[in-house]
Ligand SMILES: Cc1cc2nc3c(=O)[nH]c(=O)nc-3n(C[C@H](O)[C@H](O)[C@H](O)COP(=O)(O)O)c2cc1C
């Protein structure tokens, strides 16, 4: 079972030891132009999770391809490049420039204005621009995420990444929003039930492989994501508190699998579906 980092939650060059414990590295979302992101405060802790309003700060695709990607390749791990944009053509242009990576199309950042096109239109444009594997990263805020999953599958996605953050807010003692932007993406343990439901629904709706994420902190929690239908998992917010989480979660997952009577993680994929009459 592949364990990845969640996009934006690990700086590979600053923490190569963490990358070494993963089965692949996912970059922070890359946009066509460099972005400084939102003004501080961009991060806030809440009692059950974390809020971030980074606003897709990144060096832009040219600098990414020239300065950053070659260094990332030196890790010798499968690379996933998270692609963002403000129109379908912006996404597609970046996809066309990439080689020898898996592409994760970030269709769901709550901290920037969204592209006017639908998720399926963006995926179709990316599909026309590349033959590389394309994973569509979806928002858990969609009213019917299964419908979005079916639409991106029909548009040519090879897999799903579930889920991105939910929009949230925290107030300070003076009752003002803590984050400069007002709202941010809410991640961490409270997102987990939402993520489980999204993975469960998309597993029923499509045959696509699913990278499951959202609040995973232990091997048992990873197993639950797998049982809902994830074929790989990713660790996000937990990495800020526990950079050793990849090795620990892998070990705990093996224990949790044995305890639940599974010979390996692949046997557990979708297990939750077998026990529910719908
Ligand atoms: C600080 C921070 C930055 C993030 N940046 C991105 C990003 O650039 N692109 C993206 O697709 N998701 C981004 N995410 C969302 C994560 O990849 C992940 O979908 C989400 O945090 C849920 O997983 P978790 O609860 O394990 O953190 C970011 C999350 C955090 C906390």
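Numbering (the UniProt record's numbering), first residue to last: 1 to 278.
Heads up, the beta-carbon is just placed ideally off N, CA and C, and yes, glycines get one too.
Inter-residue CB distance, residue 280 and residue 49 (contact presumed, cutoff 8 Å): Any question about residue 280 goes unanswered here, given that the chain covers just 1 to 278.
Limits of the unbroken alpha helix (DSSP H) element including residue 200: Counting from one through the chain shown, the residue named residue 200 turns up at place 200. Taken as a continuous stretch (DSSP letters only), the alpha helix (DSSP H) holding residue 200 covers 192-205.
Nearest-angstrom Cα separation, counted from residue 13 out to residue 71: Here residue 71 is taken as the residue at index 71 of the chain shown, counted from 1. Here residue 13 is taken as the residue at index 13 of the chain shown, counted from 1. Here the alpha carbon of residue 71 sits roughly 8 Å from the alpha carbon of residue 13.
Heavy atom of ligand 1 within 7 Å of residue 38 beta-carbon: Taking the chain shown and counting its residues from 1, one reaches residue 38 at position 38. Checking the Cβ of residue 38 against ligand 1 gives no.
Closer than 7 Å: residue 236 CB and nearest ligand 1 heavy atom: Indexing the chain shown from 1 puts residue 236 at position 236. At least one heavy atom of ligand 1 is found less than 7 Å from the C-beta of residue 236.
Straight-line Cα distance separating residue 139 from residue 145: As a first step, residue 145 is located in the chain shown; it is residue number 145 there, counting from the start. As a first step, residue 139 is located in the chain shown; it is residue number 139 there, counting from the start. Roughly 8 Å between the two C-alpha positions.
Residue 260 classed as buried or exposed, judged by whether at least 16 other C-beta atoms fall within 10 angstroms: Numbered from 1 along the chain shown, position 260 holds the residue referred to as residue 260. Counting of Cβ neighbours within 10 angstroms places residue 260 among the exposed residues, the total staying below 16.
Residue 125 to residue 258 span [Cα, whole Å]: Along the chain shown, read from residue 1 onward, the residue named residue 125 stands at position 125. Along the chain shown, read from residue 1 onward, the residue named residue 258 stands at position 258. Within the model, the alpha-carbon separation for residue 125 versus residue 258 is close to 43 Å.
Among 75, 73 and 64, nearest to residue 95 - alpha-carbon criterion: As a working note, residue 95 is residue 95 in the chain shown. Measuring from the Cα of residue 95, the nearest candidate turns out to be 64.
Assigned exposure category for residue 16 - 16 Cβ within 10 Å defines buried: Sequence index remark: in the chain shown, residue 16 carries index 16 (1-based). Around the C-beta of residue 16, fewer than 16 other C-beta atoms lie within 10 Å, and the residue is accordingly described as exposed.
Closer than 7 Å: residue 102 CB and nearest ligand 1 heavy atom: For the purposes of this step, residue 102 is identified with residue 102 of the chain shown, where counting begins at 1. Flag unset: Cβ of residue 102 not near ligand 1.
Pair within 8 Å by beta-carbon distance, residue 123 and residue 101: What you label residue 123 is simply residue 123 of the chain shown in a count that begins at 1. What you label residue 101 is simply residue 101 of the chain shown in a count that begins at 1. For residue 123 and residue 101, no; Cβs fall outside 8 Å.
Boundaries (first-last residue) of the alpha helix (DSSP H) holding residue 127: The residue given as residue 127 occupies position 127 in the chain shown. Bounds of the alpha helix (DSSP H) holding residue 127 are 119-129.
Proximity test, residue 76 beta-carbon vs ligand 2 heavy atom, cut-off 7 Å: Ligand 2 is absent from the structure shown, which contains only ligand 1.
Residue 142 versus residue 148 - alpha carbon distance: By one-based count along the chain shown, residue 142 stands at place 142. By one-based count along the chain shown, residue 148 stands at place 148. About 8 Å.
Under the three-state DSSP convention, the category residue 270 falls into: For this step, residue 270 is matched to residue 270 along the chain shown. If DSSP states are grouped into helix, strand and coil, residue 270 belongs with coil.
Residue burial classification, residue 29 (beta-carbon count within 10 angstroms, cutoff 16): Here residue 29 corresponds to residue number 29 of the chain shown, with the count starting at 1. That one is buried.
Separation of residue 175 from residue 136, as counted between CA atoms: Here the question's residue 136 lines up with position 136 in the chain shown. Here the question's residue 175 lines up with position 175 in the chain shown. Whole-angstrom Cα-Cα distance: 37 Å.
Check whether residue 184 and residue 53 have beta carbons under 8 Å apart: Translated into positions along the chain shown, residue 184 becomes position 184. Translated into positions along the chain shown, residue 53 becomes position 53. Contact: yes.
Opening and closing residue of the alpha helix (DSSP H) in which residue 94 lies: For the purposes of this step, residue 94 is taken as the residue at position 94 of the chain shown. Looking at the DSSP string, the run of the alpha helix (DSSP H) that includes residue 94 is 88-97.
Length of the line joining the Cα atoms of residue 219 and residue 229: If you number the chain shown from 1, residue 219 lands on position 219. If you number the chain shown from 1, residue 229 lands on position 229. Going by the C-alpha atoms only, they are around 15 Å apart.
Ligand 1 heavy atom lying under 7 Å from the CB of residue 9: As a first step, residue 9 is located in the chain shown; it is residue number 9 there, counting from the start. Yes, the beta carbon of residue 9 sits closer than 7 Å to at least one heavy atom of ligand 1.
For residue 105, the first and last residue of its enclosing beta strand (DSSP E): What you label residue 105 is simply residue 105 of the chain shown in a count that begins at 1. For residue 105, the uninterrupted beta strand (DSSP E) run begins and ends at 102-106, by DSSP.
Residue 171 burial status per 10 Å Cβ neighbour count (16 or more: buried): The residue given as residue 171 occupies position 171 in the chain shown. Residue 171 is exposed by the Cβ-count criterion.
Cβ neighbours of residue 8 in the same chain (closer than 6 Å, five flanking residues each side left out): By 1-based counting over the chain shown, the position of residue 8 is 8. Listed in chain order, the non-local C-beta contacts of residue 8 below 6 Å within the same chain comprise 28, local neighbours out to five positions each way being set aside.
Closer than 7 Å: residue 56 CB and nearest ligand 1 heavy atom: Residue 56 sits at position 56 when you count from the first residue of the chain shown. Residue 56 has its CB nearer than 7 Å to a heavy atom of ligand 1.
Sequence ranges, alpha helix (DSSP H) only - wholly within the stretch 207-254, length at least 4: Segments of the alpha helix (DSSP H) lying fully in the stretch 207-254: 219-228 and 238-241.
Distance between beta carbons of residue 120 and residue 92, contact taken as under 8 Å: Here the question's residue 92 lines up with position 92 in the chain shown. Here the question's residue 120 lines up with position 120 in the chain shown. With a contact defined as Cβ atoms closer than 8 Å, residue 92 and residue 120 miss out at about 13 Å.
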